[in-house]
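Reading through the structure tokens given below for one structure.
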Amino acid sequence: MVKRSIIAIAGLAASVLLVAPISYDLDSGGVIFSDVAAKGGNGNGNGNGHGPGGNSGNGLGGDFGSGPGNGNAFGHSKGNGGNAFGHSAEGKGQGNNHGAIASKLGRLNAAHASPNARLHAAPNSAVGMIAAYEAAYGTAQEAVSAAADLAALAEEAQAATVDARADANALATAAAEAEAYAADLETQAAADPTNTELAAAAAAARGDADTAAADAAAADATATQAEADAATAQAEADAAEEAANEAQQAAADALNTAANKNITDEEGNIDEEVKDAVNDLLGIAEEPDLALTVSPEEPSGDPE
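Residues in the sequence shown are numbered consecutively from -17, following this note's numbering.
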């Protein structure tokens, strides 16, 4: 009697597992049991998978249905004995599955692929082209950050130049005044050679003038070097800015090539919503955020 009860309980549990709708969360990788009974037929996912079940229709189908629907469950077929695993179009699945944006992305939904899949994808495949964009965008972000750093250094160098030149000009003025004062005393001392005090004052003034002239010369040299450094820094900043612009354009071209739909406006600017959605799927850092514009000769989108 006890043995029969155990068998009956086990059978009931198995029936519950077969009847209860099951969905698979692609984000968490977990299986979810729903309280709502699964619909029969193809699991509302257009999967039409055929499992090894008998006529009762409780076999588990092996094919994945990815069509639209609200299934996300193993449906129990009454006719072909198979069950299909349907993926809802309302949540994240293998497509972006956010309604309009999923449709807008088109082939760019390949960004759902795992990092490992992107790493080993063929270059001309949808996933491979997304991986190329990911690398290009990362390179562009680094280039933009480097350009910003060099621009800041160039600005600091220019400010230092202004300060150094101002100091040099001030010392040059002081040196000129000291020279004029010393020359005047020397003239007076020459006119009154017996005036020892005047002669001593003239000698001291000459020493001060010479020191002022040396200080002014040193300050001028410092300012000149600062100006040269500023020019070098500006040249490096300009080159970095050009490299950053080229890197951003390369990233734009890579994304545009990966797309199978038009994702640019009339001026070649990449749709920000598309770019942000793809970057989010790829886990790309939000900063620095780049505005992407394709090359003038780059066609809009790539046909499937």
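Here a beta-carbon is modelled for each residue, glycine too, at the ideal position from N, C-alpha and C.
Any beta-carbon of chain B closer than 7 Å to the one on residue i?
i    : result
V260 : Absent from the structure is chain B; it holds one protein chain and no more.
Could you check how far apart the C-beta atoms of residue i and residue j are, in whole angstroms? I think they sit under 8 Å.
i    : j    : result
L132 : V260 : With a Cβ gap of about 29 Å, L132 and V260 do not count as contacting.
Y115 : A229 : Wrong, their Cβ atoms sit about 12 Å apart, outside the cutoff.
A139 : A215 : 4 Å
A125 : A225 : 5 Å
A160 : D190 : 5 Å
S127 : P278 : Not confirmed; about 26 Å, so no contact.
A234 : I252 : 5 Å
A104 : L272 : Contact doesn't hold; Cβ gap of about 26 Å is too wide.
T143 : A212 : 4 Å
V256 : L101 : Not a contact, Cβ separation roughly 23 Å.
A157 : A195 : 5 Å
A288 : A108 : Only positions -17 to 286 of the chain appear in the structure, and residue 288 is not among them; the question remains open.
A288 : A208 : This structure cannot speak to residue 288, because the chain is shown only from -17 to 286.
Between which two residues does the alpha helix (DSSP H) containing residue i stretch?
i    : result
D253 : Counting along the chain, D253 falls outside any alpha helix (DSSP H), and DSSP gives it neither H nor E.
P97  : P97 to H102
L87  : A82 to L87
Looking at the structure shown, is residue i part of a helix, part of a strand, or coil, going by DSSP?
i    : result
A267 : coil
T176 : coil
N26  : Reliability fails at N26, whose pLDDT of 42 lies under 50, so the model's placement of it is uncertain and the value that follows must be treated cautiously. Coil, per DSSP.
G31  : Bear in mind that the predicted position of G31 carries a pLDDT of just 40, short of 50, making it unreliable; the figure below should be weighed with that in mind. In the structure shown, G31 sits in coil (DSSP, three-state: anything other than H, G, I, E or B).
Is it the case that the region 181 to 189 contacts the region 244 to 253, given that we only count it when at least three CB pairs across the two stretches are under 8 Å?
no
Would you check if the region 197 to 212 and the region 139 to 154 touch, i.e. whether three or more CB-CB distances between them fall below 8 Å?
yes
Is there contact here, the region 134 to 144 with the region 213 to 221, by at least three beta-carbon pairs under 8 Å?
Yes, since at least three Cβ pairs between the region 134 to 144 and the region 213 to 221 fall closer than 8 Å, the two stretches touch.
Any contact of the region 166 to 179 with the region 97 to 113, i.e. 3+ C-beta pairs under 8 Å?
no
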